[in-house]
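Novice: Following this message is one structure expressed as structure tokens.
There are 2 protein chains.
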Amino acid sequence: MTKPFSIAEVAADAGVSPTTVSHALSGKRAVSKATRERIQASVERLNYRPNMVAKGLRSQRTNTIALLVADITNPYYPAVARSVHDVLTKDGYFAFIVNTDGDPTSERNALREMLARSVDGVIMQPMSTTVEEMRSIVGPAMPLVVIGDKKGAQDADQVLTDDAMGIHECMRYLAGKGNTEIAFISGPPGNGPGDTRLAAFRDALAAVKLPVREDWIDRTPYTRDGGAVAGMRMLARAERPRAIMCANDLIAIGVMDAARAANLRIPDDIAIVGFDNIETADLVSPRLTTVDNPAASVGEACATALLRRITDGRDAPHQVIALPTKLIARESA
Amino acid sequence: MTKPFSIAEVAADAGVSPTTVSHALSGKRAVSKATRERIQASVERLNYRPNMVAKGLRSQRTNTIALLVADITNPYYPAVARSVHDVLTKDGYFAFIVNTDGDPTSERNALREMLARSVDGVIMQPMSTTVEEMRSIVGPAMPLVVIGDKKGAQDADQVLTDDAMGIHECMRYLAGKGNTEIAFISGPPGNGPGDTRLAAFRDALAAVKLPVREDWIDRTPYTRDGGAVAGMRMLARAERPRAIMCANDLIAIGVMDAARAANLRIPDDIAIVGFDNIETADLVSPRLTTVDNPAASVGEACATALLRRITDGRDAPHQVIALPTKLIARESA
DNA sequence: GCACCCTTGCAAATCGATTTGCATATCTTG
DNA sequence: CAAGATATGCAAATCGATTTGCAAGGGTGC
């Protein structure tokens, strides 16, 4: 065969109508044992599987969801994607994974494309788009789970990590070791995790009674290269901080590159801490002190919340799932 | 609105028939300028986008492909996935990414599921399934690009890396440094890259006139943990090799863990080399000597080949794209 | 033996977009 | 100005599965 068999062919083969085949397979209406077995035999012989596109059109359910991330190349996202995948697969769902690069236009386009594809739901970590804008694109009925943005909880279910918790712990740790001159390198401004973490950083510094120096706050793309560039910028300042916290581990690794290039010892000359605790953080040298972001739990929570929203419908109460973060003290700070 | 608008609603709004809207949008039949503009205005006002599910059912083209990988958590795959994504997006395609864990049942199920979803094509790195079996599942018409398996080129387009090239170079390098006792830790047996690489290893040893010791050949899952386990096993042998080549970088990193745990210095006591050259390879300490597997080029080649196959149809000549690999000599060997 | 119910099966409508066949309106051209 | 060509629009069929409404066959009870 050059094309999968249709229900009509199964019906013909079994000598019944397509209706009966459908009922026999779905069990929505009784079908005599004899007929059912005959149909079953035909199904197996022809290797029939219902066409999900047709099914999706009729039932308005595609068993498909969208996972929108900034860049799958950042190891944090595969970890999320993997547990999302594992939860979904059990229920027969599959995911489109789309990279948006955190770009507002890409984010919106991706949302529109996914809507046009009738996905049953969307999981997204917005970088440049507010939850309200997202909602306005996908319409009020689309199940939507947003990673890590407390704002807009009325427009979407939320899975948020308590970034402030880990960052406070981190600042206490740094201050406890005598660090008073601490910089922060965040991601690009917008609606991404960098903003949340920067805000938490400001709070945390205040909590340990340290001043915030605006000239020690920088922003750069969430990549190793971005970190290297911002790191060089930071370390080239006339007054240079003694510690740098970064919005994610990739930036921190880039800053380590910059520190090495500037012949600075880590952590003696410059302490560096990251955020996420990606696998690599434990592998670099010196091993990166960072805040653990439980990617697998985030993914699992997102997928579970989304599936629940899909089955419960839009009137079910909003879900807000908060996950803890914690400092992982290693060698870089 | 609680649901996207349909072509019928656009037609009603513009005061024409759905047919005319379709023709106006596709340009397959002339539509007077006035009508066309009126339709365009309605489209924009209602924010109409054609329903891809309906379109897919009618046209038998979903603008969707499947990317089947063993485990998206292995950094090699995100690198491939990213360039696949970038090529596809330009042409309005999106990808399901499915993890198979290299398990034969999962691989087959995934193929069947993707077939049922009418994807326009499949990119897969098979681990336990032959190309022939894959072809028998998806049928003769499905565009299929396989990563790295020379066998079965009559059943699918191929993107293969010349693993033997890098491995020969590596053995020459190792032998040149005086290593004569070299082990190989491969992946699970089946149809995956480990088999190809192990075969190349045997050839390469012979080429540098070194004997192959069967007790220095082991197999383990393609993960860091797998590498750690096999590494411990290997290093606990009465006669222990002086160098270990691994089927991928993750295994190599696990072997480094094992070496450290056994208080062995790398590379002095035990040289370790990996395969893939994932980002992390350059970050671990000591920096991992490995064979570069050009993931981005692989992804790009896969996506390009698949799109071409989709547009050219199944009678177009088979594509076999070979990409070079090369030794990246760093510190671990 | 009649009425009623339950089981089982089918025809037809539906989801939304595309496309073919047909019909009308407009335009050329000799 | 007649006739053929061209432009433009619509109704209906189609893709494949689901589901509703209808009907026939079989069985039961009184």
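In order, the protein sequences belong to chains X and A. Note that my numbering gives residue 213 to position 213 of the first sequence, counting from 1, and the numbers run on in steps of one. Note that my numbering gives residue 1139 to position 139 of the second sequence, counting from 1, and the numbers run on in steps of one. Every residue gets a Cβ at the ideal spot worked out from N, C-alpha and C, and that includes glycine.
#1: My guess is that GLY1194(A) and GLY1231(A) are in contact by the Cβ rule of under 8 Å, so how many angstroms apart are they, rounded?
#2: Please report the Cβ distance between ALA164(X) and ASP203(X), rounded to the nearest whole angstrom; I am assuming they are in contact, meaning their Cβ atoms lie under 8 Å.
#3: So with CB distances below 8 Å, who are the chain A contacts of PHE201(X)?
#4: Mind checking who LYS326(X) pairs with in its DSSP beta bridge?
#5: Go to VAL1273(A), then tell me how far its beta strand (DSSP E) extends in each direction, as first and last residue.
#6: Within the 8 Å Cβ cut-off, does HIS168(X) reach chain A?
#7: Taking the alpha carbon of CYS391(X) as the reference point, which residue from ASN277(X), ALA295(X) and ARG265(X) has its own alpha carbon closest?
#8: Let me check understanding here. Comparing Cα to Cα, which of VAL1229(A), THR1280(A), VAL1273(A) and ILE1244(A) lies closest to ALA1261(A)?
#9: Restricting to Cα atoms, I'd like to know which of ASP1101(A), GLY1139(A), THR1130(A) and ASP1157(A) is closest to ILE1123(A).
#10: Can a CB atom of chain A be found closer than 8 Å to the CB of THR100(X)?
#11: Can you check which of these residues, ALA1271(A), LYS1209(A), TYR1077(A) and ASP1249(A), is closest to ARG1197(A) by C-alpha distance?
#12: Within this structure, are the beta carbons of ALA70(X) and TYR173(X) separated by less than 8 Å?
#13: So the beta strand (DSSP E) ASN1109(A) belongs to, where does it begin and stop?
#14: What first and last residue would you give for the alpha helix (DSSP H) that runs through PHE1094(A)?
#15: Is the Cβ-Cβ distance between ARG45(X) and ARG1112(A) less than 8 Å?
#16: By a C-beta neighbour count over all protein chains shown, 10 Å radius and 16 as the cutoff for buried, is GLN154(X) buried or exposed?
#17: Is the separation between the beta-carbon of ILE1147(A) and that of GLN1125(A) shorter than 8 Å?
#18: Taking ARG219(X) as part of the alpha helix (DSSP H), name the residues at either end of that continuous run.
#19: Using a 10 Å radius around the Cβ and a threshold of 16 neighbouring Cβ atoms, would you call PRO1085(A) buried or exposed?
#20: Ordered along the chain, which non-local residues of its own chain (more than five positions away) have a Cβ less than 7 Å from that of ALA1175(A)?
#21: Could you work out which residue in PRO1324(A), ARG1219(A) and PRO1267(A) is closest to PRO1294(A) when comparing CA atoms only?
#22: Counting only runs that start and end within the stretch 1183 to 1209 of chain A, where is the alpha helix (DSSP H) found for 4 or more residues in a row?
#23: VAL53(X) touches chain A at which residues, Cβ-Cβ below 8 Å?
#24: For ILE7(X), which of helix, strand or coil comes out of DSSP?
#25: Measuring CA to CA, which of THR1002(A), PHE1005(A) and LYS1326(A) is closest to GLY1166(A)?
#26: Are THR1064(A) and ASP1013(A) close, meaning C-beta to C-beta below 8 Å?
Specialist: Taking the definition as stated:
#1: Between GLY1231(A) and GLY1194(A) the Cβ distance is about 15 Å, and since that is not below 8 Å, they are no contact.
#2: 7 Å between Cβ atoms; contact.
#3: Result: empty, since nearest Cβ-Cβ is about 25 Å, beyond 8 Å.
#4: Paired residue(s): ASP292(X).
#5: DSSP places VAL1273(A) in the uninterrupted beta strand (DSSP E) bounded by 1271 to 1276.
#6: It does not: the Cβ of HIS168(X) has no partner Cβ on chain A nearer than 8 Å.
#7: The shown model of chain X, from 1 to 333, leaves out residue 391(X), and the question about it has no answer.
#8: A check of alpha carbon separations from ALA1261(A) across VAL1229(A), THR1280(A), VAL1273(A) and ILE1244(A) identifies VAL1229(A) as the nearest.
#9: Minimum Cα distance to ILE1123(A) is reached at ASP1157(A).
#10: It does not: the Cβ of THR100(X) has no partner Cβ on chain A nearer than 8 Å.
#11: For the residues ALA1271(A), LYS1209(A), TYR1077(A) and ASP1249(A), the minimum Cα distance to ARG1197(A) belongs to ASP1249(A).
#12: Not in contact: ALA70(X) and TYR173(X) (Cβ atoms no closer than 8 Å).
#13: Element bounds for ASN1109(A): not the beta strand (DSSP E) but the alpha helix (DSSP H), 1104 to 1116.
#14: Looking at the DSSP string, PHE1094(A) is not in any alpha helix (DSSP H); the run it does join, the beta strand (DSSP E), is 1094 to 1099.
#15: Taking C-beta atoms as the reference points, ARG45(X) and ARG1112(A) fail to come closer than 8 Å.
#16: If you draw a 10 Å sphere on the C-beta of GLN154(X), you find fewer than 16 other C-beta atoms in it, and that means exposed.
#17: In contact: ILE1147(A) and GLN1125(A) (Cβ atoms closer than 8 Å).
#18: Per DSSP, ARG219(X) belongs to no alpha helix (DSSP H); it is in the beta strand (DSSP E), 217 to 219.
#19: What sits at residue 1085(A) in the sequence shown is His, not Pro. Flag for HIS1085(A) reads buried.
#20: Closer than 7 Å at the Cβ level, and outside the excluded window around ALA1175(A), lie VAL1208 and LEU1210.
#21: Distance from the Cα of PRO1294(A) is smallest, within the candidate group PRO1324(A), ARG1219(A) and PRO1267(A), for PRO1324(A).
#22: Counting whole runs of 4 or more residues, the stretch 1183 to 1209 of chain A contains the alpha helix (DSSP H) stretches 1193 to 1207.
#23: Under the 8 Å cutoff, chain A gives VAL1053, GLY1056, LEU1057, THR1062, ARG1117 and SER1118.
#24: Residue state, collapsed to three classes: helix.
#25: Minimum Cα distance to GLY1166(A) is reached at LYS1326(A).
#26: For THR1064(A) and ASP1013(A), no; Cβs fall outside 8 Å.
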